[in-house]
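Heads up, the sequence shown is in my numbering, so the first residue is 138 and it goes up one at a time. Ideal Cβ placement from N, Cα and C applies to all residues, glycine included. The structure presented is a predicted model; accordingly, all values stated were derived computationally and were not measured. To start, the structure under review is shown below, and the notes come after it.
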Amino acid sequence: MPNPTIGFIGLGIMGKPMARNLIKAGYSLVVHNRSRAAVDELSKEGAQTAASSKEVAARSEVVITMLPDSPDVELVYAGENGVFAGSKAGMLLIDMSSISPVVSRRLAGEAEQRSLDMVDAPVSGGEAGAIGATLSIMIGGKASAVERAMPIFQVLGKNIVHVGDAGAGQVTKAANQMVVGTTIAIVSEALVLAAKAGVDPAKVRQALLGGFAQSKILEAHGQKMLDRNFKPGFRIRLHEKDMKIALTAGSEYGVPLMVTSQVAQMMTAMKSMGNGDLDHSGLVKFVEALAKTELGVKQ
Numbered sequence: 138m139p140n141p142t143i144g145f146i147g148l149g150i151m152g153k154p155m156a157r158n159l160i161k162a163g164y165s166l167v168v169h170n171r172s173r174a175a176v177d178e179l180s181k182e183g184a185q186t187a188a189s190s191k192e193v194a195a196r197s198e199v200v201i202t203m204l205p206d207s208p209d210v211e212l213v214y215a216g217e218n219g220v221f222a223g224s225k226a227g228m229l230l231i232d233m234s235s236i237s238p239v240v241s242r243r244l245a246g247e248a249e250q251r252s253l254d255m256v257d258a259p260v261s262g263g264e265a266g267a268i269g270a271t272l273s274i275m276i277g278g279k280a281s282a283v284e285r286a287m288p289i290f291q292v293l294g295k296n297i298v299h300v301g302d303a304g305a306g307q308v309t310k311a312a313n314q315m316v317v318g319t320t321i322a323i324v325s326e327a328l329v330l331a332a333k334a335g336v337d338p339a340k341v342r343q344a345l346l347g348g349f350a351q352s353k354i355l356e357a358h359g360q361k362m363l364d365r366n367f368k369p370g371f372r373i374r375l376h377e378k379d380m381k382i383a384l385t386a387g388s389e390y391g392v393p394l395m396v397t398s399q400v401a402q403m404m405t406a407m408k409s410m411g412n413g414d415l416d417h418s419g420l421v422k423f424v425e426a427l428a429k430t431e432l433g434v435k436q
């Protein structure tokens, strides 16, 4: 059976390399994005282009969205020129954005009323995971829809888990962002403490990597902090948005998220300072500012 034509909407830091991997895997793509540069780039690599989300849906059998926030996803699906307006019964819709579970469940309900299959499948792994097709994919939706989507997921990621019904993927992503964000914050504090105490933070990181403190965050983001490399793989302002999603979910379900709340405030402060477009490893700059010290500067 030939591969379905995939519509891909949202060609940002994550979406563009994901779309590129699908082209490399032999899928025909119809792409659309708010800004034109990424569309032009992928069209040179074989993708077809569309002028609206409605047109993408009309020309595709499967639609994937990779968008910044809940309002963007709602507009792209349910707006006047959105995916629902151009869809046909039986289509598969895959939202890989990180958004509110409430919004995911509402859109999945509307899709079901239109005889469409819809799954939420947010990802973790950052730009490197998107480029290398090693993303962790957390899926919510009906088992039959997930089965249809699985060959596509296998092109994009490695750790692929069907967590539960609609919205379950988004709940899982909120939990992921809580763990990642709070770990970045504590790695920042640990390395800045080392530097302020006159101990080489690079050697402290090396030592910690051999014990229970070892983590991918300490390994990858700790190195970015030391290298002063804050080129965005995942922007602070987007991580702040995800932390707020987690806090809203915590409030709704009666779960106190006190540590998450503090780290979200650190991210809000960074955004207010004009640093929202730095990589989330740039959170170390907030700790450095308070400590009046900087990694790599001899105390």
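Same chain only: Cβ atoms within 8 Å of residue i, ignoring 5 sequence neighbours per side
i: Q185; result: S165, L166, V167, V168, R196
i: Q351; result: L345
i: D302; result: G277, G278, K279
i: G294; result: V260, G262, G266, A270, T271, L272, S273, I274
i: G163; result: N140
i: A406; result: F423
Residue i to residue j span [Cα, whole Å]
i: I231; j: P393; result: 31 Å
i: I160; j: V329; result: 43 Å
i: G147; j: G335; result: 45 Å
i: K181; j: R285; result: 29 Å
i: E425; j: E431; result: 5 Å
i: A245; j: I201; result: 14 Å
i: G278; j: V240; result: 14 Å
i: M275; j: F423; result: 31 Å
i: P288; j: I354; result: 29 Å
i: M255; j: D177; result: 28 Å
i: K378; j: N158; result: 27 Å
i: M155; j: T319; result: 27 Å
Burial state of residue i, where buried means 16 or more other Cβ atoms lie within 10 Å
i: N170; result: buried
i: N366; result: exposed
i: M151; result: buried
i: P238; result: buried
i: K191; result: buried
i: Q314; result: buried
i: D364; result: exposed
i: A187; result: buried
CB-CB length for residue i against residue j, believed under 8 Å
i: M362; j: S418; result: 6 Å
i: P282; j: E247; result: With the sequence shown as reference, residue 282 is identified as Ala, and Pro is not the correct amino acid for it. With 8 Å as the limit, A282 and E247 do not qualify as a contact, their Cβ atoms being about 15 Å apart.
Other residues of its chain near residue i: CB distance less than 6 Å, five sequence neighbours each side excluded
i: N296; result: S273
i: G359; result: V324, R342
i: A311; result: I382, A383, A386
i: A447; result: Outside the shown range of the chain (138 to 436) lies residue 447, about which nothing can therefore be said.
i: A222; result: K191
Proximity of residue i and residue j at Cβ, strictly below 8 Å
i: P338; j: Q307; result: no
i: L427; j: I373; result: no
i: T309; j: V300; result: yes
i: G370; j: A270; result: no
i: V199; j: M228; result: yes
i: D257; j: G183; result: no
i: R251; j: S224; result: yes
Beta-carbon proximity list for residue i, same chain, < 7 Å, skipping 5 on both sides
i: L375; result: P205
i: D414; result: P369, R372, R374
i: A401; result: E377, M380, K381, L384
i: S172; result: none
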